[in-house]
Ligand code: SF4
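Laid out in structure tokens, this is it:
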């Protein structure tokens, strides 16, 4: 696409970066960080309208009173507060598609719940598609319509939360679920059933990327890379066992 076409589309494709320390320009005030997109995409015609929208977003992400936070710079905020600014900056443009890379990992438990609810609300009200990247499988099952489990850059299993969490098929997904702590002191420690170390992503092996750690590996797994296969419904797995 040409620059002009891309610029028009960018409003609809937004990103919440994982590291809120690197994501915000330290020279800008919080107000300008959130307002910049509105100005670039000409979404407001007056200063009053702009201020109203910026303050509203600050209130939504619980940075209140908004007029106080608007005048601060990123270095005056905690990691969690910066993350909320990054979320406000992305959502003020009402994107159609949002890539959210660990958006709540820097937040405390109570704020995490509020922000997740807010993102889900945004998804439902504005029909925003969210690609939510997380290491926390319980959050994944809470926010997702579909989950894709990745290992070394490859999707190894995909399906609805019901399918992937309740009936995991891939040995890596099974190990991930075994590693989730159970809040019961009598449950004991469950060791994931995998061995060895993750291989270098630069020198990927020829066959299955999980071969060196898999307790069920077969000779074919070393030679041939498994492709995603539909098992039933919306459930796909890349493994020679199926
Ligand atoms: Fe294990 Fe083979 Fe399946 Fe890979 S393809 S996950 S090595 S059984």
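In this note's numbering, the protein residues as written are 6 to 247. A virtual CB, placed ideally from N, CA and C, is assigned to each residue, including glycine.
Comparing alpha-carbon positions, which option in the options lies nearest residue i?
i           : options            : result
residue 136 : 104, 52, 145, 86   : 104
residue 141 : 159, 178, 9, 227   : 178
residue 230 : 239, 240, 210, 247 : 210
residue 245 : 172, 224, 30       : 224
residue 138 : 146, 61, 205       : 146
residue 243 : 16, 154, 75        : 154
residue 205 : 185, 195, 158, 184 : 158
residue 82  : 34, 106, 125, 55   : 34
residue 124 : 10, 73, 65         : 65
residue 12  : 29, 42, 234        : 42
residue 102 : 17, 84, 40         : 17
residue 152 : 126, 73, 241, 130  : 241
residue 133 : 214, 97, 37, 58    : 97
residue 236 : 183, 172, 215      : 172
Can you round the beta-carbon distance between residue i and residue j to whole angstroms, since I take them to be within the 8 Å contact cut?
i           : j           : result
residue 197 : residue 180 : 4 Å
residue 25  : residue 78  : Not a contact, Cβ separation roughly 13 Å.
residue 21  : residue 95  : 5 Å
residue 212 : residue 168 : The pair is not a contact, with the Cβ atoms about 25 Å apart (cut-off 8 Å).
residue 63  : residue 93  : 6 Å
Per DSSP, residue i is paired with what?
i           : result
residue 21  : 105
residue 155 : 160
residue 135 : 103
residue 242 : 162, 234
How is residue i classed by DSSP in three states: helix, strand or coil?
i           : result
residue 167 : helix
residue 59  : helix
residue 124 : helix
residue 52  : helix
residue 33  : coil
residue 215 : coil
residue 86  : helix
residue 223 : coil
residue 194 : coil
residue 176 : helix
residue 71  : helix
residue 184 : coil
residue 3   : There is simply no residue 3 to check, as the chain begins at 6 and stops at 247 in what is shown.
residue 207 : coil
residue 144 : helix
residue 98  : coil
residue 112 : coil
residue 26  : helix
residue 1   : There is no way to answer for residue 1, as the model of the chain reaches only from 6 to 247.
residue 201 : coil
residue 117 : helix
Do residue i and the ligand MN come close, with the Cβ less than 7 Å from some heavy atom?
i           : result
residue 222 : The ligand MN is not among the ligands present in this structure, which contains only the ligand SF4.
Three or more C-beta pairs below 8 Å linking the segment 48-63 and the segment 108-118: no
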